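Novice:
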Amino acid sequence: MIMKKDKNGWQTVKYPPPVSKKFGFIPLKIVLLIIIIILESIIIVNISEVNIFKNNITQILITIFYFYLIYKTIVHYMRFQKNRQEESNLWIEKRLVYLIHSLKLYDEEMVGIGSDKEKRIVRTIQIMYREDNKRVYVRILKFGNRFNKIIPTLGENIESTLGLELDRTNSTVDYFDYILLKEKDRRIDLRESISNQHNNSDVINISGNISYRLSKTPHSLIVGGTGSGKSFFILGKIVSYLSLTPQAELYIVDPKKADLSLLRFIEGMEEKVVTEPNQIAKMLREVVEIMEDRYKTYFNDISAFGKDYTDFGLSPVILIFDEFSAFIHSVDKKLSKEVLDYIFTIVMKGRQAGVQVEILMQRPSADDLPTNIRAQMGFKAGLGAMDKIGYNMIFDTNDVDFKTVTEKGGGYIQIDGVHTAPVYFETPYIDKEFDFIQEITKLIENKKQ
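Under UniProt numbering, the first residue of the sequence shown is numbered 1, with each subsequent residue one higher.
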């Protein structure tokens, strides 16, 4: 099949594929191989007829060499064909051609006069592709024809045709991209992840293929009901935050006095965990003051232009607010407004100063978390089974075909700068014997040393 490659590496799939050249009923490549073998045979026969090579031992050696030469010729031919296919990505192209053919993504018209009429393909869906070390990119061009409605629905077909997992999609006015993973995303082990944490790195690993830089993706929204794995996920993130260098400063709000509230019994966390409404408002005010103080201290002249907190060696400050909806519904409007105002200030100004908020909810609700706050969340995750309304509240999209989540710790995630649409993921695996209290205590003690 003939491909046109543009300067960005995109290759165009041609349909219908050109017919390979043949000599009669035999492909031309095989004919050339036979000719080469015949020429080799003629040369060997001529050599064997020379008088000095007519003794029995020499004839045996020539015969052995003859068969060895033919064997090596065939081996080199097969290797050449294999390398050519790999270099040209023919396997991708062939399967995309099959996709076009099997789904009849082309239009035919009768061409000719009278008895000479025949069907000819006059229009075909336009598909391009390219690949890198981790992904295959399939781009389908939009031309305002009947294929435009079909293009966004081809995800599962492309997945099954290429045998690859869909990572994400990207839609523009001119084209629709399907981005597929060459290797299926794997669930990472939390213990392994934190042991591999590099010094002076703010990278948080979520899965084998998903990670993000804390300084580039501020503020998080995590939604998940009972049994979704949300609690273990946030505990795992707390361990990851404390494993950073410099170590993150954590402030934890748990109005329902659940597991996170117990972290206040760890030495060094006594003043960093609150549960009562007035304490919560006070902590939020303190975090806002930390943010404002950083701006006054580090961003007060032109030398700070284009810099963020990492350029000054500052620790990230992360406020984790569990059971946010429960809090909003349990306090009066005045306190609720005060807390929402503090959170809005942090999400609007916090990134450069390294001050972030992480909001956890059991159920997505636009009434509890205003759009002006939700829109600033760079990290969004929905764990467990959820309906389309719930996903729409979290990710603000109806264009994704969300599949039913059955795995505990499974869900959908979207990270600004990493994903253009939500993708399925599974939270880090946590061994039953993993002791969060012991690990958090150890990490805090290490900071003191």
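The C-beta atom is built at its ideal place from N, Cα and C for all residues, glycine as well.
Just so we're clear, the structure is a prediction, and the values are computed from it rather than from any experiment.
Apart from the five residues just before and just after residue 236, which ones in its own chain have a Cβ nearer than 8 Å to its Cβ?
Specialist: Correct list, in chain order: 190, 427, 428 and 430.
Novice: Under a three-way DSSP split, which group does residue 108 fall into?
Specialist: Strand, per DSSP.
Novice: Alpha carbons only, please: which of 241, 432, 120 and 32 is nearest the one belonging to residue 250?
Specialist: Residue 250 has its Cα closest to that of 241, out of 241, 432, 120 and 32.
Novice: Following the continuous beta strand (DSSP E) through residue 177, name the residue where it begins and the one where it ends.
Specialist: Its beta strand (DSSP E) spans residues 175 to 181.
Novice: Cβ of residue 279 within 7 Å of any heavy atom in the ligand NAP?
Specialist: What this structure holds is no ligand at all, so the ligand NAP is not there to describe.
Novice: Using only alpha-carbon positions, find the residue among 384, 174 and 33 that is nearest to residue 231.
Specialist: Taking only the C-alpha atoms, the option nearest residue 231 is 384.
Novice: Residue 224: buried (16+ other C-beta within 10 angstroms of its C-beta) or exposed?
Specialist: Answer is buried; the Cβ neighbour count reaches 16.
Novice: Spatial neighbours of residue 433 within its chain, please: CB distance less than 8 Å, with the 5 preceding and 5 following residues excluded, ordered by chain position.
Specialist: For residue 433, where only same-chain residues beyond five positions count, there are no Cβ hits under 8 Å.
Novice: Determine the burial state of residue 398: buried for a count of at least 16 other Cβ atoms within 10 Å of its Cβ, exposed for fewer.
Specialist: Counting Cβ neighbours within 10 Å, residue 398 comes out exposed, since fewer than 16 surround it.
Novice: For the pair the region 354 to 361 and the region 215 to 223, tell me if three or more CB-CB distances fall below 8 Å.
Specialist: Contact holds: three or more Cβ-Cβ distances are below 8 Å.
Novice: Does the distance from the C-beta atom of residue 258 to that of residue 202 stay below 8 Å?
Specialist: No; because the gap between Cβ atoms is not below 8 Å, this pair is not in contact.
Novice: If you draw a straight line from the C-alpha of residue 374 to the C-alpha of residue 212, how long is it?
Specialist: Between residue 374 and residue 212, the C-alpha separation is close to 19 Å.
Novice: Using the Cβ count rule (16 or more neighbours within 10 Å means buried), how would you classify residue 228?
Specialist: Buried, because 16 or more other Cβ atoms sit within 10 Å of the Cβ of residue 228.
Novice: Quick test of your reading: residue 15 and residue 100, contact by CB under 8 Å. State the CB separation rounded to the nearest angstrom.
Specialist: Rounded, the Cβ-Cβ distance is 5 Å, consistent with contact.
Novice: Give the secondary structure of residue 15 by DSSP, where H, G and I count as helix, E and B as strand, and everything else as coil.
Specialist: Three-state DSSP puts residue 15 in coil, outside helix and strand.
Novice: Quick one: what's residue 189 bridged to in DSSP?
Specialist: The partner list for residue 189 (beta bridge, DSSP) reads 429.
Novice: Tell me whether residue 450 is buried or exposed, calling it buried when 16 or more other Cβ atoms sit within 10 Å of its Cβ.
Specialist: The chain is shown from 1 up to 449; residue 450 falls before or after that span and cannot be answered.
Novice: Quick one, are the C-beta atoms of residue 176 and residue 206 less than 8 Å apart?
Specialist: Against a cut-off of 8 Å, the Cβ pair of residue 206 and residue 176 comes out as no contact.
Novice: How would you write the range of the alpha helix (DSSP H) that residue 341 sits in, first residue to last?
Specialist: Where residue 341 is concerned, the enclosing alpha helix (DSSP H) stretches over 333 to 353.
Novice: Helix, strand or coil for residue 276, going by three-state DSSP, please let me know.
Specialist: DSSP places residue 276 in coil when its eight states are reduced to three.
Novice: Should residue 339 go down as buried or exposed, given a rule of 16 or more other Cβ atoms within 10 Å for buried?
Specialist: Classification of residue 339: buried, given that the 10 Å Cβ count is 16 or more.
Novice: How about residue 255 and residue 275: do their beta carbons lie closer than 8 Å?
Specialist: In contact: residue 255 and residue 275 (Cβ atoms closer than 8 Å).
Novice: Going by DSSP, which residues form a beta bridge with residue 250?
Specialist: Answer is 318, bridged to residue 250.
Novice: Can residue 142 and residue 133 be called in contact, C-beta distance under 8 Å?
Specialist: Their beta carbons are not under 8 Å apart, which means residue 142 does not touch residue 133 by this criterion.
Novice: Assign residue 63 to buried or exposed, taking buried as 16 or more other Cβ atoms, counted over all protein chains shown, within 10 Å of its Cβ.
Specialist: Answer is exposed; the Cβ neighbour count stays below 16.
Novice: Just mark residue 280 as buried or exposed, buried being the case when its beta carbon has 16 or more other beta carbons within 10 Å.
Specialist: Residue 280 should be labelled buried.
Novice: Buried or exposed, going by whether 16 or more other CB atoms sit within 10 Å of the CB of residue 61?
Specialist: When all chains shown are included, residue 61 counts as exposed.
Novice: Note down, in chain order, each residue of its chain lying with its Cβ closer than 6 Å to the Cβ of residue 436, except the 5 sequence neighbours on either side.
Specialist: Here the set comprises 235.
Novice: Threshold first: 4 residues or longer. Then list the alpha helix (DSSP H) segments lying entirely within the region 112 to 178, N to C.
Specialist: Whole alpha helix (DSSP H) segments, 4+ residues: 147 to 150 and 155 to 162.
Novice: Smallest Cα separation from residue 160: which of 102, 197, 146 and 106?
Specialist: That would be 102, whose Cα lies nearest to the Cα of residue 160.
Novice: If you compare alpha carbons, which of 120, 412 and 104 is closest to residue 379?
Specialist: Minimum Cα distance to residue 379 is reached at 412.
Novice: Can you give me the C-alpha to C-alpha distance between residue 318 and residue 307, rounded to a whole angstrom?
Specialist: When rounded, the distance between both Cα atoms is 19 Å.
Novice: Quick one: residues in its chain with C-beta nearer than 8 Å to the C-beta of residue 403, no 5 flanking neighbours on either side, listed in chain order?
Specialist: Cβ neighbours of residue 403 beyond the five flanking positions: 424.
Novice: What number of angstroms, rounded off, separates the C-alpha of residue 396 from the C-alpha of residue 421?
Specialist: Cα to Cα, the separation comes out at about 10 Å.
Novice: Can you tell me where the beta strand (DSSP E) with residue 497 in it begins and where it stops?
Specialist: Residue 497 falls outside the range modelled here, since the chain spans only 1 to 449, and no answer is possible.
Novice: Which term fits residue 438, buried or exposed, when burial requires 16 or more other beta carbons within 10 angstroms of its beta carbon?
Specialist: It is exposed - the Cβ of residue 438 has fewer than 16 other Cβ atoms within 10 Å.
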